[in-house]
């Protein structure tokens, strides 16, 4: 697997984790699934999922 695929997979896994936590344990993990903290965590997951490395110019 390339670096890009690994980072994309981590982003997808993080978003799935956030979704499952929101469904099954909303009270226990309220800091990372509600309000601004939840939005920031979701944006981190989306950015990891959409990551593309820069091309090297020599």
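Residue numbers (the numbering used here): 668 to 725. Think of the CB as a built atom: it goes at the ideal place given N, C-alpha and C, for glycine as much as any other residue.
Does the structure place the stretch 708-716 close enough to the stretch 675-694 that three or more beta carbon pairs sit under 8 Å?
yes
Only counting the same chain, and skipping five residues up and downstream in sequence, which positions put a Cβ closer than 8 Å to that of residue 699?
Working through the chain shown from its first residue, we reach residue 699 at position 32. Around residue 699: 685, 688, 705, 708.
What residue does the alpha helix (DSSP H) around residue 691 start on, and which one ends it?
Numbered from 1 along the chain shown, position 24 holds the residue referred to as residue 691. It spans 670-691 - the alpha helix (DSSP H) in which residue 691 sits, taken as one unbroken run.
Just to confirm the assignment, what range does the alpha helix (DSSP H) spanning residue 702 have?
For this step, residue 702 is matched to residue 35 along the chain shown. Its alpha helix (DSSP H) spans residues 702-716.
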